[in-house]
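Chains as they are written, first to last, in this note's numbering: chain A, 1013 to 1657; chain B, 446 to 644; chain C, 48 to 147; chain D, 12 to 492. Even for Gly, the Cβ is constructed at its ideal location relative to N, Cα and C. One structure is given here, and the rest of the page talks about it.
Put into structure tokens, the structure is as follows:
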């Protein structure tokens, strides 16, 4: 079966080509069939190869399939090859599984959209790129997938390009991501330069010999790679694009901006754990960025009123958790959370989509309320997901989040401070998630009458994926029950072969700490459950029982609230400092002068205009003699330089 | 100071003077005359350097043919140096241009002053040369043996130039030849309509 | 005996004059002639070096350069004629439709 | 010297001869009232013959004409690039010239002669021949730029190119004179052999001469600050000619540059520094100026400047790896850049189009395939995987990193990311922008469709399976230096 590994990404590609070439000529049922069935086939294959992999002895669970040599021999050899190991097996299951459900959901959600064919074309392309990213056996091919998912994200955020905000958001996502990609590419060059190979297995094998532990070179390499991850996974300081990405269709937000693509950064860090483990400094950076992002985004999530934005900040925050896990060298915990998060966050987004759909595209929670009785399935599934994300035992989120919190406390690279921040964040998460649920489903019905008459439960194509995801949100955590419950952590065990090299450095400590301090672990676990419960109670108090209390509270802390509502003014800061300089770098040579010169000087200073603009655009006056002067200037410099020797 | 030096100084001064006056003229006809003056002086330098054949070529071909072509065009276009040469505002001042050019010249002169050629020969001195150095025969022998390939290339270049000049000035479809003065409306030359029968 | 450097310096000065001519001349035809002067200055350099090293290759090269100059003059003047027909000016600064 | 004993083996210039014969036939035809409409076919036959002859030369190492012609794999590789470029320009021009009313058989003849000039440049180790080749290439190009006699823009492009070209030639000539003065010869092989001796004797002369050579070739490849002519000329010239400009002369300039510098002067650190500066300036200035352009041709002009900068990075990297990267990139660039221009040509054959951005709006609705193809080329120019553009850039930057020029590679990568913005503007305009005007449909012609097919297959195919091309570029080595 594993010989057919390449079919996993190939199926969505076929779907993409079919739908793409015949765009606008196929009837909707055919488009949906092509779009969904190809992803389903990938999923079925993924399940099969997963079991095949499981049947192999633990130490040998690596299947590498080289399709062909991309770049031939010599010092520079890169294959197009796929790598199936426990890590990528988990990822393809998540990507194709969740992806399939979201494809099915989209059939219902997008049924009235004029861009139906285009939508499925992009979505299939995305699935193809994401599977390529996950299955790649070398950096370069991974980068191909990386760019591919970025491109699809850009296209899908700007899917409704008629809306200016949508196309602006696409642009923003694109530019911010380029900064990240820049880091990734440079990191890749450094790996190639030092190790001489881009193959993951070779790099992991050679890394301990090539790099000195904690050396500047490995630290630089890892931090550059991490910059790539930060861009893609929306961490501080590059997280600004993700909330705006909610301009895209909701299923897209679920698939790309919650469940899969944004986790690519986490996956990449886990994939290169052999490098990260060699550099405590870089790990520290990863952990700090992770935990600070988790906390920071959760606080912003407290005050958002747009249902999708709450979820977006929640995603940023949860991704921070995953990086925290990676930063304390507990990559398995990070991947575990990645998986459970994919279930419940996809579910939350799809649920939100269902709500928005029912509410005639209303996204503001202040205009919702009391939807419980109208949307029973949506409500119950979303409620499960909320419990899961809040970390109520025994739902999936509880196990994965608790694992991370414990590791951040006990790991060799951990620190009590990490735990405290993570702990507080868990409380905040529970609070803002329940706030969302209470504001949406309980309380007074605040929508207008016209909307109310239209409220209806979504069709089956939408609710069935919700139910399936809800099931997984409940049981998904059981694969990784921590050892203090008296069983081995299956998930960690499963990933052990991939992390084996990394564990080499830290294994003894981590395991010793993990094994020795059961009492502490129980205590911390209880503490976090209590905190979550308290947070839920407060949310209940504020947003369900006595909404007037929330108002008075808001008034008392109006300054703080406004800051939170405005997302700490970070967007404004970025607009001024990062995005604008990049977008309008040419402004420097063109538009600034256009604006300054035309607006400023035309009104009365027309005579100076010519002179100033000519001076500033001295490179391209359209006059040959100016060109000759520039030329001579170059000649003088070159000859002068030659003479200096 | 012997005669050789005197001739050198005079011709060098004349060559530079001719060049300077050439670029300082408004009237292109005068410019051409000064360039011819400069070229003749350069031809003297050529001869002094043993390049008899090339000296002759310079006067006959360059001054005699190429610059006459320039004159022909000037006459054809009826330019008298009174055309619109008005001052637009200049993006780069004339001063900067002078400074840059003079800097460049000084750089090259510095090269001549510092670096020298072939340490075995006394600095700046000329080697003695054979009797037929630079004669027609010597140049021709080299030209038709070692340099026969570039020579042929030069032929191709001339062919391309001839064809090019024809393409630029003659409209093969309509057979009109030079029509100075009846320029089309400079705003919309693309839509100019030919009134046939104009040979 | 005149030194080689004297000839080369004369050539360099002529080259510089040609450069200045290109930079400051508004008249297209004078501008062309400045380029021609630059080519001639390079020729003088070649001949001087040829003489200094007793190598005739420089002479052949100069011969070829003269051909090139002739070809360029033919093409350039043809262009001037076309341009003058369309624009009725040979002021090089007027040719600035394409810019920025 | 006995003239008759000079044996001359014509076989090493068969490709050039094939093109010359074809161009002579084209030039002579009108005098005999021949059917001039066959001119493109004759030109194509010449190119085909040249390609066959050139393919036969692959692997052989010949030197002939008293050492004036050196035919090695490097030169032959470039011959192929030139023939490809020329053929594509020919096909593009086929209908465009008729529509624009400048259909003259001379276009095809001059195209062939320019191609001959490029071949001569790439296949010689003698500066005299390289200079003549450059002129044989340039003179037809001056004419072709100004060929649309009745278009003011074309006139202006021609004269600007001519003035700047002649000006740069003078500097190149002065450089050759200085090198000649220092070395006593213009043969690069002899210069390289005696290099240390020459440097110890006449270093300032040599270096100055070489510096002026950089200027001369830098002009042809459009390196900043010798680039100012590029946007104006590219915008003004007829589009097929612009397409030819953007690849052919640039590749020829690089061929000469690589011949002169990649080996002979590879050890002179000062040269490496100069090229580094040029590379950084060229990439950055090209990309920054491209950001705000509103004309597609002008945008592609600035983009071509930036691309020259990337190839300069390969020149800096040097060695066989850098050389291979440069050849690879030039082939790749030829494919996707010409493809991009082919789309512009199609757009411009509609009446009244000057390839402004606004004319692209609505393309995707009327011609989904054409706009997809345009997007593909833009992605390739921007260096997106899996197009050959990504691979070429990666190859260059990897070579630079391997050679130890990490800061340069960083600047290069940054630039290529910056460039994405303006390439995507083209895609965005064609897909997303609304327009009030009716989008006049494009008429496909078989010739341009053929060009598009070849370039699309090349851009995608070589991106996925670059092995052949990498092997080809690796084999394209000097045999004579």
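Are there 16 or more other CB atoms within 10 angstroms of the CB of residue i, so buried, or fewer, so exposed?
{"i": "residue 508 of chain B", "result": "buried"}
{"i": "residue 1466 of chain A", "result": "exposed"}
{"i": "residue 1037 of chain A", "result": "exposed"}
{"i": "residue 1534 of chain A", "result": "exposed"}
{"i": "residue 19 of chain D", "result": "exposed"}
{"i": "residue 250 of chain D", "result": "buried"}
Is DSSP giving residue i helix, strand or coil here?
{"i": "residue 137 of chain D", "result": "strand"}
{"i": "residue 82 of chain D", "result": "strand"}
{"i": "residue 596 of chain B", "result": "helix"}
{"i": "residue 1493 of chain A", "result": "coil"}
{"i": "residue 166 of chain C", "result": "As shown, chain C starts at 48 and ends at 147. That puts residue 166 of chain C outside it, with no answer to give."}
{"i": "residue 462 of chain B", "result": "helix"}
{"i": "residue 1174 of chain A", "result": "coil"}
{"i": "residue 633 of chain B", "result": "Legend: pLDDT at residue 633 of chain B = 38, less than 50; position of this residue unreliable, no value from coordinates given."}
{"i": "residue 1594 of chain A", "result": "Model confidence at residue 1594 of chain A stands at a pLDDT of 38, short of 50, so the residue's coordinates are unreliable and nothing is read from them."}
{"i": "residue 1150 of chain A", "result": "strand"}
{"i": "residue 73 of chain D", "result": "strand"}
{"i": "residue 1236 of chain A", "result": "helix"}
{"i": "residue 509 of chain D", "result": "The structure shown does not extend to residue 509 of chain D, since chain D is modelled only from 12 to 492, so the question has no answer here."}
{"i": "residue 1097 of chain A", "result": "coil"}
{"i": "residue 1026 of chain A", "result": "helix"}
{"i": "residue 1180 of chain A", "result": "helix"}
{"i": "residue 143 of chain C", "result": "coil"}
Quick one: list the residues of chain D neighbouring residue i, beta-carbon separation under 7 Å, in chain order.
{"i": "residue 115 of chain C", "result": "146"}
{"i": "residue 144 of chain C", "result": "163, 164, 167"}
Relative to the C-alpha of residue i, which residue among the options is closest?
{"i": "residue 1420 of chain A", "options": "A:1408, A:1549, A:1295", "result": "A:1295"}
{"i": "residue 1532 of chain A", "options": "A:1428, A:1434, A:1222", "result": "A:1428"}
{"i": "residue 322 of chain D", "options": "D:300, D:292, D:299, D:215", "result": "D:292"}
{"i": "residue 1335 of chain A", "options": "A:1655, A:1133, A:1238", "result": "A:1238"}
{"i": "residue 1646 of chain A", "options": "D:273, D:317, D:224, D:368", "result": "D:224"}
{"i": "residue 236 of chain D", "options": "D:290, D:119, D:353", "result": "D:290"}
{"i": "residue 479 of chain D", "options": "A:1042, A:1061, A:1080, A:1240", "result": "A:1080"}
List the residues of chain A that residue i touches, going by C-beta distances under 7 Å, in chain order.
{"i": "residue 243 of chain D", "result": "1634"}
{"i": "residue 158 of chain D", "result": "Result: empty, since nearest Cβ-Cβ is about 19 Å, beyond 7 Å."}
At 8 Å on the CB atoms, spell out the chain D contacts of residue i, in chain order.
{"i": "residue 1035 of chain A", "result": "379"}
{"i": "residue 92 of chain C", "result": "185, 188, 189, 192"}
Run through chain C and tell me which residues come within less than 7 Å of residue i, C-beta to C-beta.
{"i": "residue 1652 of chain A", "result": "Result: empty, since nearest Cβ-Cβ is about 15 Å, beyond 7 Å."}
Which partner residues does residue i have in the DSSP bridge list?
{"i": "residue 1081 of chain A", "result": "A:1091"}
{"i": "residue 74 of chain C", "result": "C:138"}
{"i": "residue 1075 of chain A", "result": "A:1096"}
{"i": "residue 198 of chain D", "result": "D:137"}
{"i": "residue 1376 of chain A", "result": "A:1318"}
{"i": "residue 367 of chain D", "result": "D:306"}
Going along chain A, which residues have a C-beta under 8 Å from residue i?
{"i": "residue 151 of chain D", "result": "Neighbours of residue 151 of chain D on chain A: none; closest Cβ ~20 Å, over 8 Å."}
Show which residues of chain A have a CB atom less than 9 Å away from the CB atom of residue i.
{"i": "residue 281 of chain D", "result": "1653, 1654, 1656, 1657"}
{"i": "residue 139 of chain C", "result": "1635, 1636, 1637"}
{"i": "residue 486 of chain D", "result": "Within chain A, no residue comes near residue 486 of chain D; the closest Cβ sits about 12 Å away, beyond 9 Å."}
Quick one, which residues of the region 195-219 of chain D are near chain G if we go by CB-CB under 9 Å, in chain order? The structure shown contains no chain G; the protein chains it does contain are A, B, C and D.
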